[in-house]
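Undergrad: Each residue of the sequence shown is one higher than the last, beginning at 1 in the working numbering.
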Amino acid sequence: MIQDIYPHKLHNEYNPSARVQESSPILNISNGKVLVHTEQFDNGIVAFPIKKELPEELEYTYLFKVDNREYFLWNKELSEDSIPEGYSYVEERSIRKESKGPCEEVFAATTAKHLSDWYRDACFCGRCGTKMVPHDKERAMSCPSCGYIAYPRIMPAVIVGVKNGDKLLLTKYRTGFAHNALIAGFTEIGETAEETVMREVMEEAGIKVKNIHYYKSQPWGTANDLLLGFYCEVDGDDTITMDRHELKYAEWVQREEIVLQPGNFSLTNEMMRRFKEGYEV
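(1) Short of 6 Å in beta carbon distance, which residues of its chain neighbour Ala250, apart from the five on each side in sequence? Order them along the chain.
(2) Here's the rule: buried if 16 or more other CB atoms are within 10 angstroms of the residue's CB, otherwise exposed. What is Tyr119?
(3) From the DSSP output, read off the bridge partner residues of Trp118.
(4) Looking only at its own chain, which residues have a Cβ that is under 6 Å from the Cβ of Asp235, when we skip the five neighbours before and after it?
(5) Indicate whether Leu115 and Leu63 have their beta-carbon atoms separated by less than 8 Å.
(6) Would you mind sorting Lys100 into buried or exposed? The rule is 16 or more other CB atoms within 10 Å of its CB.
(7) From which residue to which residue does the alpha helix (DSSP H) around Asn269 run?
(8) How would you write the range of the beta strand (DSSP E) that Thr171 sits in, first residue to last?
(9) Name the DSSP bridge partner or partners of Gly161?
(10) I need the straight-line Cα distance from Leu267 to Gly229, nearest angstrom please.
(11) Using the C-alpha atoms, what's the distance from Arg93 back to Phe265?
(12) Hey, would you say Ala150 sits closer than 8 Å to Leu27, going by beta carbons?
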């Protein structure tokens with residue numbers, strides 16, 4: 001999955017004392033696009049600009065470390081004449097779909113986008129409208145007027161592998177993502193993750209489930225999510241009543257006939273693959 005970057009390791013501890021160096025990689029993100037080295041990306045390699053290649057007047061925000069390498073964020077789109085030679089903007093999802101790695105840089109881009117989205121949305125206090133400032137001790141934005149503190153937004157959502165003997169319930173969304181997927185949805189207020197599983201399966205496929213058990217989680221910075229993977233079994237009638245507003249396809253698919261997603265980045269794909277290959281789930 002996208003977070004599996006061993007032997008490398010992400011260190012997400014906030015370090016307000018970190019200082020950008022001339023060789024520090026800079027994540028420049030605008031409207032979901034990431035600044036990368038054009039020629040290397042054309043060859044499937046993800047490479048970010050470093051500080052010495054960018055205009056001197058830019059200000060940076062510390063993001064995280066991968067091993068001992070510190071990454072920083074510049075959160076505004078560069079003007080055309082300020083983009084360093086040899087670099088261009090590409091969609092963050094294109095980095096996942098089209099690159100060959102390095103895996104740690106793909107994960108860095110996705111995680112940086114998560115933080116970039118939050119910093120962009122936390123510029124002003126949601127209570128009094130005052131311009132927010134970075135907290136001096138933790139990763140947060142604080143209001144100098146009313147004292148409100150905003151922390152990075154992380155939205156829990158479930159991915160559900162619904163089993164029916166040797167069949168798995170596969171779906172396709174009506175818009176956007178074109179490949180096979182599993183039932184998925186966000187956890188609502190006052191709801192456990194297991195209750196989310198039951199509700200989402202009923203809403204999207206019209207069936208009841210039982211024997212819900214947790215599999216694994218995944219940070220998904222693309223949508224600011226924390227994905228929680230669950231398997232469960234159909235409970236009673238397995239007739240599918242599909243939500244046609246959200247889905248264009250929802251069917252029971254035999255284990256050996258499951259078509260996986262391209263790439264190995266998503267929790268959804270890993271869950272489909274494990275069922276397809278006969279693992280105990």
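Don't be surprised by glycine CBs; every beta carbon is placed ideally from N, CA and C.
TA: The short version:
(1) For the purposes of this step, residue 250 is taken as the residue at position 250 of the sequence shown. Within the same chain, Cβ atoms closer than 6 Å to the Cβ of Ala250 are found at Thr171, Ala205, Ile240 and Met242, the five residues on either side in sequence being excluded.
(2) On the sequence shown, position 119 is the one that residue 119 refers to. Under this definition Tyr119 is a buried residue.
(3) Looking up residue 118 in the sequence shown gives position 118. Partner(s): none; Trp118 has no beta bridge.
(4) For the purposes of this step, residue 235 is identified with residue 235 of the sequence shown, where counting begins at 1. Shown here for Asp235: same chain residues with a beta carbon closer than 6 Å to its own, the five before and five after excluded, namely Lys208, Val209 and Lys210 in chain order.
(5) To locate residue 115, count along the sequence shown from 1; it is residue 115. To locate residue 63, count along the sequence shown from 1; it is residue 63. Yes.
(6) Translated into the one-based positions of the sequence shown, residue 100 becomes position 100. Exposed, by the Cβ-count rule.
(7) For the purposes of this step, residue 269 is taken as residue 269 along the sequence shown, with counting starting at 1. Counting along the chain, the alpha helix (DSSP H) containing Asn269 begins and ends at Leu267 to Lys276.
(8) As a first step, residue 171 must be located in the sequence shown, where it is residue number 171. Following the DSSP letters along the chain, one finds Thr171 inside the beta strand (DSSP E) bounded by residues Lys167 to Tyr173.
(9) In the sequence shown, residue 161 corresponds to position 161, counting from 1. In the DSSP output, where bridge partners are listed per residue, Gly161 has Tyr231.
(10) Here residue 267 is taken as the residue at index 267 of the sequence shown, counted from 1. Here residue 229 is taken as the residue at index 229 of the sequence shown, counted from 1. Between Leu267 and Gly229, the C-alpha separation is close to 7 Å.
(11) Within the sequence shown, residue 265 is the residue found at index 265, counting from 1. Within the sequence shown, residue 93 is the residue found at index 93, counting from 1. Roughly 11 Å separates the two Cα atoms.
(12) Your numbering for residue 150 matches position 150 in the sequence shown. Your numbering for residue 27 matches position 27 in the sequence shown. No, the pair does not count as a contact, with Cβ atoms beyond the cut-off.
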